[in-house]
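Student: Take a look at this one; I'll ask things after.
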Amino acid sequence: MRRYLPAMGTAGFERRKVSGNRRDPRPPPRITLSTSFMVVVSGAIFTRARTPCVARRRLWYPRLVPDASAPDAGGALPPATPLVRPGAARRLGAGAWHVLAGFGFLLRRPRLWPLALLPAVLAAACLVGGLLGAVYSIHWVEGLLVPSPEKAGTGLWFILTLVVYIGTIASGLVLGLAAALLLSAPVLERLSRTVDALVRGEPVDRSRGLKWELAQSFRGTLYFLAAAPGVFLLDLVPLVGPPLALLWGAHALAFQQTDATLARRGLDFAARRAWHRYWRLESLGFGITGLLTLIVPLANLLVAPALAVGGTLLVLELEDQLIPPDVPAPAAAGAA
C-alpha cells in the first residue's frame, strides 16, 4: 500500500512516496499557465480545478475539489463551484506558519547556508542603515508634519508625534528590507530554485527563460520597494492608518517573496497578482508575520533568506492543494 508521508524534519513540506523501505521522489508539479487553476480568457483571469475528486488533505486545507472541465471551443469557462476552505483565522495562521517553516527549513539544511550568507549580510546592513536613516530623519519629519503644542494642544501633539515616530521607523525598516531584497534578488532566486528542487525531487521551470524570470523578480522587488512610501503615508492617518499600513506592507512583502517561485511556473505579473487575490488570507498571514520578524532580535538577521524559503514553501503547499499528488487522474480511476 502506497501513500504520501512527510519526511522527517521538514515540517510536512517535503513529501515522499513510501513503498516498503524505498523512498522515491514524488512527481514534479503540474501548475503552469495551461494547467494552473488560473486561466486567462479574453483578458480576464478565472479559477478552476484540474481534477474532480474529494481530497482529504493536510491539516491546514481540507476541502472539496469541485468538478470543472476545460474551456469549450468558444473559450468560455463553465460555472465554477466555490471551493470549501477553512475559516479566515486558520488560513491566516497557515500563511504565518510558512515564515517559521522557512527559518526551520533553512537552519536544518547546511547545504543552503552558502546561498543564504550574502542575503543575510545585505539584509543586516540595509536594515541597520534604514533604521539609522529613520532615526536621524525623525525630527525633520516631525517639524514638517506635526504642529506645535501651542497650536494643536498637548494631547493631540503627543498623539501626532507618536504616530510620526512609529511611521518613520517602520518605513525605514521596510525600505531597508526592500533594498536588501533588490540587491540580493539573483541569489534569492537561486536559493528559491534550490528549495523547489529539494522539496519536489527535481527542478521545476516553466518560465520563458532566465532573463524573463530575473526581470519578473526585479519587478516584484520594485513593487515592494514602492510600498515603503505608502506605509509611511498610511501610518500618518489616525486610528485606521497603522492597520492599513501593515496590511499594505504585508501584501507587498508576500508578493515579492513568492515572485520567483510563481515566475518559474510561467505566471506573469498580472497572473501573480490574481494568485495573491485568490489566496489573499494566506498571503497576508505570511506577509504580516514576515514584517513582525523585522523587530525580533537575531531572527531579523536571517529574514531575507528565510522569507525566500518560506515563500517557496507557501507556493508549494497551496499548489498541492490545487492538484493533490496522491489522487488518481480520472482516466486512471476509470481504468481501475
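Per the working numbering, residue 2 is the first one in the sequence shown, and the count goes up by one each step.
Where a beta carbon is used, it is the ideal one built from N, C-alpha and C, also for glycine.
1) Here's the rule: buried if 16 or more other CB atoms are within 10 angstroms of the residue's CB, otherwise exposed. What is residue 98?
2) Closest by CA to residue 287, which one among 253, 192, 302, 122?
3) Taking only three categories from DSSP, how would you classify residue 244?
4) Does residue 295 come out as helix, strand or coil in the three-state DSSP assignment?
5) Can you give, in chain order, each stretch of the alpha helix (DSSP H) that sits fully within the segment 103-178 and has at least 4 residues?
6) Take the Cβ of residue 213 as the centre, count every other Cβ of all protein chains shown within 10 Å, and call the residue buried at 16 or more, exposed below.
7) Could you pull the start and end residues of the alpha helix (DSSP H) that residue 198 belongs to?
8) Is the number of C-beta pairs between the segment 120-140 and the segment 166-179 that are closer than 8 Å three or more?
9) Among 209, 251, 295, which one has its Cα closest to the Cα of residue 268?
10) Compare the C-alpha of residue 257 against each of 168, 169, 187, 95 and name the closest.
11) Contact between the segment 98-110 and the segment 272-281 is defined here as three or more beta-carbon pairs at a separation below 8 Å; is this criterion met?
12) Taking 8 Å as the limit between beta carbons, can you name the residues of its chain near residue 35, skipping five residues before and five after?
13) With DSSP collapsed to three states, give me the class of residue 38.
14) Count the other C-beta atoms from every protein chain shown that fall within 10 angstroms of the C-beta of residue 318, then say buried if there are 16 or more, exposed otherwise.
15) Do residue 124 and residue 181 have their C-beta atoms closer together than 7 Å?
16) Do three or more CB pairs link the segment 149-165 to the segment 225-243 at distances below 8 Å?
17) Rounded to the nearest angstrom, what separates residue 90 and residue 117 at their Cα positions?
18) Which value, in whole angstroms, describes the spacing of the CA atoms of residue 300 and residue 195?
19) Between which two residues does the alpha helix (DSSP H) containing residue 278 stretch?
20) Which of the three DSSP states is assigned to residue 259 in this structure?
21) Using a Cβ-Cβ cut-off of 7 Å (strictly less than) and excluding sequence neighbours within five positions of residue 231, which residues of its own chain qualify?
22) Select from 115, 242, 316, 241 the residue whose C-alpha is nearest the C-alpha of residue 273.
23) For residue 228, is the classification buried or exposed, using 16 other Cβ atoms within 10 angstroms of its Cβ as the cut-off for buried?
24) Going by other Cβ atoms of all chains shown within 10 Å of its Cβ, with 16 needed for buried, is residue 271 buried or exposed?
25) Which first and last residues belong to the alpha helix (DSSP H) in which residue 231 is found?
26) Could you tell me the distance, in whole angstroms, from the CA atom of residue 95 to the CA atom of residue 220?
27) Count the other C-beta atoms from every protein chain shown that fall within 10 angstroms of the C-beta of residue 313, then say buried if there are 16 or more, exposed otherwise.
28) Contact check, residue 292 vs residue 223 under 8 Å by CB: the rounded distance?
29) Quick one: is residue 320 buried, meaning 16 or more other Cβ sit within 10 Å of its Cβ, or exposed?
30) Determine the contact status of residue 192 and residue 307, defining contact as a CB-CB distance below 7 Å.
31) So residue 251 and residue 289 are supposed to be a Cβ contact under 8 Å. How far apart are they, rounded?
Tutor: Let me lay it out:
1) The residue in question, residue 98, is buried, as its Cβ has 16 or more Cβ neighbours within 10 Å.
2) Comparing Cα-Cα distances from residue 287 to each of 253, 192, 302, 122, the minimum goes to 253.
3) In the structure shown, residue 244 sits in a helix (DSSP, three-state: H, G or I).
4) Note: residue 295 maps to helix in three-state DSSP.
5) Listed in chain order, the complete alpha helix (DSSP H) runs (minimum 4 residues) inside the segment 103-178 are 114-146, 150-153.
6) So residue 213 ends up on the exposed side.
7) In the DSSP annotation of this structure, the continuous segment of the alpha helix (DSSP H) that includes residue 198 starts and ends at 186-201.
8) Flag = yes, the segment 120-140 and the segment 166-179 touch.
9) Across the set 209, 251, 295, the C-alpha of 209 shows the shortest separation from the C-alpha of residue 268.
10) The shortest C-alpha separation from residue 257 is found at 187.
11) Contact fails between the segment 98-110 and the segment 272-281, because fewer than three Cβ pairs, one in each stretch, are under 8 Å apart.
12) Note that residue 35 scores a pLDDT of 44, beneath 50, so its modelled location is shaky and nothing firm can be said.
13) In this prediction, residue 38 scores a pLDDT of 41, lower than 50, which makes its location untrustworthy; the coordinate-derived value is nonetheless stated afterwards. Reduced to three states, the DSSP call for residue 38 is coil.
14) That one is buried.
15) Result yes, Cβ atoms of residue 124 and residue 181 sit closer than 7 Å.
16) With a cut-off of 8 Å, the segment 225-243 and the segment 149-165 count as touching, because enough Cβ pairs lie within range.
17) For residue 90 and residue 117, the distance between alpha carbons rounds to 31 Å.
18) Rounded to the nearest angstrom, the two C-alpha atoms are 22 Å apart.
19) Start and end: 270-279.
20) Coil at residue 259, not helix or strand.
21) Annotation for residue 231: 249 place their beta carbon closer than 7 Å to its own, counting only its chain and skipping 5 residues before and after.
22) For residue 273, the closest C-alpha among the options 115, 242, 316, 241 is that of 316.
23) Buried, by the Cβ-count rule.
24) With fewer than 16 other Cβ atoms within 10 Å, it is exposed.
25) Its alpha helix (DSSP H) spans residues 228-236.
26) Taking the straight line joining both Cα atoms gives about 26 Å.
27) By the 16-neighbour rule on beta-carbons within 10 angstroms, residue 313 is buried.
28) The pair is not a contact, with the Cβ atoms about 18 Å apart (cut-off 8 Å).
29) Looking at its Cβ environment, which holds 16 or more other Cβ atoms inside 10 Å, residue 320 is buried.
30) No.
31) Rounded, the Cβ-Cβ distance is 4 Å, consistent with contact.
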